[in-house]
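Okay, structure first, notes after.
In the numbering used here, the protein residues as written are 86 to 705.
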């Protein structure tokens with residue numbers, strides 16, 4: 086993403102050391118925990134709906150190394166109609182996350198679900214299976230790029246409140262790896278993510294995921310809708326590719342393969358994603374079917390096959406051997422397109438496929454513009470095989486775009502759309518800053534890019550995507566603010582692709598609410614707050630040790646204006662580290678410490694507030 090910003094800056098205008106990093110007492114928006122949610126503080130989620138299966142997810146906060154949870158799913162909130170139940174095992178090896186692939190479900194059906202550990206229930210979730218057979222209509226919310234410290238997740242809250250979609254399509258940058266001091270022009274200093282340092286190790290990626298899922302607006306949308314997700318670069322590091330990243334320095338930040346695998350492992354643990362569906366454990370590419378109306382083909386344009394981005398244009402950019410997908414994924418995509426009998430082929434991918442140039446130069450080599458030969462192979466395949474109704478769904482760029490996708494821009498007619506072989510809907514970011522909104526007028530962009538039918542370079546929100554047999558329509562929904570939770574919503578534009586047109590046209594009106602979805606899931610079946618037993622709130626939500634950097638990463642909770650003592654020792658009792666966090670206001674805290682080289686195969690870590698003490702045994 087920074088490549089695009091750097092280009093505009095030129096045209097128009099340290100890695101953080103390992104140290105304690107704790108949310109300070111002056112932070113007005115520190116995350117607070119409610120004992121009502123214990124021990125499932127991170128809520129529940131569901132995803133990857135099939136006609137008869139759905140992924141259910143939660144995370145158990147427990148001091149035990151291993152534990153078991155009970156799950157149940159039914160068609161009603163009382164858990165009586167078509168009830169299914171089971172148990173799931175979790176452990177410190179998967180950060181106490183729980184993921185269940187529930188089968189034996191009915192297609193196109195809304196379900197309610199929840200988890201239980203001993204006598205404590207999670208909040209109730211609601212989810213939906215994919216439809217089968219003939220389908221008249223479908224509606225999705227399409228999202229991307231949700232940087233916690235750039236603002237509030239009002240887009241998530243709006244979607245949850247409106248109860249108008251079948252599922253959520255999230256196109257990546259669900260979390261960000263940055264430290265709090267890394268460049269971000271929209272950073273909200275009252276809403277900093279933690280840990281404060283740039284995350285590198287498995288423990289740090291896990292804690293960043295944990296921090297995000299404690300956000301009430303993110304928990305709310307996960308609780309009400311199934312998610313269909315792919316990662317982008319920031320789930321590992323900015324401008325990532327299969328062998329490295331723009332935001333990774335091997336000398337000071339370790340081996341890229343170790344970091345990449347840490348980011349991927351944490352992602353699969355913390356996201357409601359069906360793993361290894363493609364037969365390749367290293368990718369998230371997969372295909373989902375939505376009746377006869379749509380096939381959703383999800384690509385990995387980051388970590389599976391991408392070669393390193395080039396900083397400038399030149400003969401090497403057009404090298405026919407350069408790849409964004411990799412040969413295996415490219416062949417897989419062609420096979421999926423050829424085999425599809427659905428009315429619409431929706432291709433969820435991370436970066437813009439439409440050409441985007443200024444004064445003859447590509448604006449961003451991180452996009453498909455940096456891999457034009459492979460793009461031509463895909464678009465030529467679509468054109469040669471007369472594959473109509475291909476629609477690309479894209480995130481990454483933090484701005485809104487509606488594009489025709491021409492096979493050859495030189496032979497594209499902007500008045501008629503002739504020469505376009507597909508259309509592209511690019512959603513803006515949930516919060517992440519727009520790097521170009523003050524640099525380039527939209528009129529200038531459209532002058533050099535006649536295939537761009539609509540663009541907005543500043544507003545935040547999401548794309549509401551509606552499908553029927555005659556058209557796909559996208560409405561760009563914009564939040565009036567992300568600086569606080571007092572927001573209103575407007576529709577910025579409405580564009581559509583008509584059946585077999587393979588181009589965009591302006592819709593006659595914005596989409597109307599559907600209003601036929603079942604009731605949102607209530608949080609708990611047992612409503613009275615005072616009837617629930619009192620629970621001892623945890624001191625430590627997560628404890629991780631990274632032997633590569635000898636770093637201890639912790640996430641905990643301060644119950645009041647109290648000090649917290651942290652100690653780590655070897656199995657033989659030798660104290661490696663002891664630290665006191667000074668008293669501060671109630672709320673979440675996170676900290677990183679460098680330890681001396683430990684001996685043995687595990688550490689003993691204790692956290693205490695003077696009244697309560699928790700001890701964890703951490704293998705390494």
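Note that CB positions come from ideal geometry on N, CA and C, so glycine has one too. Since we're looking at a predicted model, the values are computed, not measured.
With DSSP as the reference, please indicate the residues paired to residue i in a beta bridge.
{"i": "residue 636", "result": "631 and 679"}
{"i": "residue 540", "result": "486"}
{"i": "residue 183", "result": "143"}
{"i": "residue 280", "result": "Its beta-bridge partners do not exist; DSSP assigns none."}
{"i": "residue 551", "result": "224 and 558"}
{"i": "residue 314", "result": "255"}
{"i": "residue 212", "result": "196"}
{"i": "residue 574", "result": "564"}
{"i": "residue 202", "result": "205"}
{"i": "residue 260", "result": "Partner(s): none; residue 260 has no beta bridge."}
{"i": "residue 581", "result": "558 and 590"}
{"i": "residue 383", "result": "371 and 433"}
{"i": "residue 501", "result": "Paired residues: none, contrary to the question."}
{"i": "residue 129", "result": "143"}
{"i": "residue 158", "result": "169 and 198"}
{"i": "residue 642", "result": "673"}
Go through its chain and collect everything with a Cβ distance to residue i's Cβ below 6 Å, but skip five positions before and after it.
{"i": "residue 531", "result": "537"}
{"i": "residue 328", "result": "none"}
{"i": "residue 112", "result": "Low per-residue confidence applies at residue 112: pLDDT is 44, beneath 50, and the placement is therefore not dependable, though the value from the model is reported in the following sentence. Excluding residues within five positions, none has a Cβ falling inside 6 Å."}
{"i": "residue 494", "result": "440"}
{"i": "residue 360", "result": "353"}
{"i": "residue 180", "result": "291 and 354"}
{"i": "residue 302", "result": "238, 241 and 242"}
{"i": "residue 599", "result": "249"}
{"i": "residue 432", "result": "382 and 477"}
{"i": "residue 148", "result": "699"}
Based on Cα-Cα distance, which residue from the options lies nearest to residue i?
{"i": "residue 242", "options": "546, 586, 648 and 677", "result": "546"}
{"i": "residue 215", "options": "208, 542, 236 and 137", "result": "137"}
{"i": "residue 475", "options": "408, 379 and 265", "result": "379"}
{"i": "residue 350", "options": "321, 684 and 120", "result": "321"}
{"i": "residue 679", "options": "658, 653 and 324", "result": "653"}
{"i": "residue 353", "options": "295, 171 and 334", "result": "295"}
{"i": "residue 529", "options": "306, 585 and 443", "result": "443"}
{"i": "residue 125", "options": "313, 146 and 587", "result": "146"}
{"i": "residue 414", "options": "385, 605 and 422", "result": "385"}
{"i": "residue 584", "options": "608, 501 and 553", "result": "553"}
{"i": "residue 314", "options": "341, 156 and 256", "result": "256"}
{"i": "residue 420", "options": "357, 245, 467 and 571", "result": "467"}
{"i": "residue 659", "options": "641, 675 and 685", "result": "685"}
{"i": "residue 312", "options": "501, 134, 121 and 416", "result": "134"}
{"i": "residue 344", "options": "634, 569 and 623", "result": "634"}
{"i": "residue 158", "options": "197, 120 and 121", "result": "197"}
{"i": "residue 339", "options": "236, 286, 486 and 304", "result": "286"}
{"i": "residue 144", "options": "168, 299, 309 and 346", "result": "299"}
{"i": "residue 632", "options": "142, 253, 279 and 347", "result": "347"}
{"i": "residue 487", "options": "502, 471 and 510", "result": "510"}
Near residue i, what residues of its chain come up, given a Cβ to Cβ distance below 7 Å and the 5 sequence neighbours on each side ignored?
{"i": "residue 150", "result": "176, 177 and 702"}
{"i": "residue 284", "result": "262, 290 and 293"}
{"i": "residue 260", "result": "293, 294, 297, 319 and 320"}
For residue i and residue j, which I take to be in contact (beta-carbon distance under 8 Å), what is that distance rounded to the nearest angstrom?
{"i": "residue 639", "j": "residue 625", "result": "6 Å"}
{"i": "residue 550", "j": "residue 375", "result": "That pair is no contact at about 11 Å."}
{"i": "residue 464", "j": "residue 490", "result": "7 Å"}
{"i": "residue 230", "j": "residue 577", "result": "The pair is not a contact, with the Cβ atoms about 17 Å apart (cut-off 8 Å)."}
{"i": "residue 140", "j": "residue 128", "result": "That belief does not hold up - the Cβ atoms of residue 140 and residue 128 are roughly 15 Å apart, past 8 Å."}
{"i": "residue 318", "j": "residue 330", "result": "7 Å"}
{"i": "residue 173", "j": "residue 183", "result": "5 Å"}
{"i": "residue 264", "j": "residue 282", "result": "5 Å"}
{"i": "residue 641", "j": "residue 574", "result": "Not quite, the Cβ-Cβ distance comes to about 36 Å (not below 8 Å), so this is no contact."}
{"i": "residue 690", "j": "residue 628", "result": "5 Å"}
{"i": "residue 673", "j": "residue 116", "result": "4 Å"}
{"i": "residue 418", "j": "residue 391", "result": "Actually they do not touch by this definition, with Cβ atoms about 14 Å apart."}
{"i": "residue 448", "j": "residue 484", "result": "So it is not a contact: roughly 11 Å between Cβ atoms."}
Leaving out five residues before and five after residue i in sequence, what residues of the same chain have Cβ atoms less than 8 Å from its Cβ?
{"i": "residue 367", "result": "349, 388 and 389"}
{"i": "residue 661", "result": "653, 654, 655, 680, 681, 683 and 688"}
{"i": "residue 695", "result": "647, 648 and 650"}
{"i": "residue 403", "result": "457 and 458"}
{"i": "residue 771", "result": "Examination of residue 771 is not possible in this model, given that the chain is present from 86 through 705 alone."}
Identify every run of the beta strand (DSSP E) within the region 420-489, keeping only runs that are complete inside it and at least 3 residues long; order them along the chain.
Qualifying beta strand (DSSP E) stretches, in chain order: 429-434 and 475-479.
Runs of 3 residues minimum, wholly inside the region 317-375: which ones carry the beta strand (DSSP E) assignment?
The DSSP assignment places complete beta strand (DSSP E) segments of no fewer than 3 residues inside the region 317-375 at 371-375, in order along the chain.
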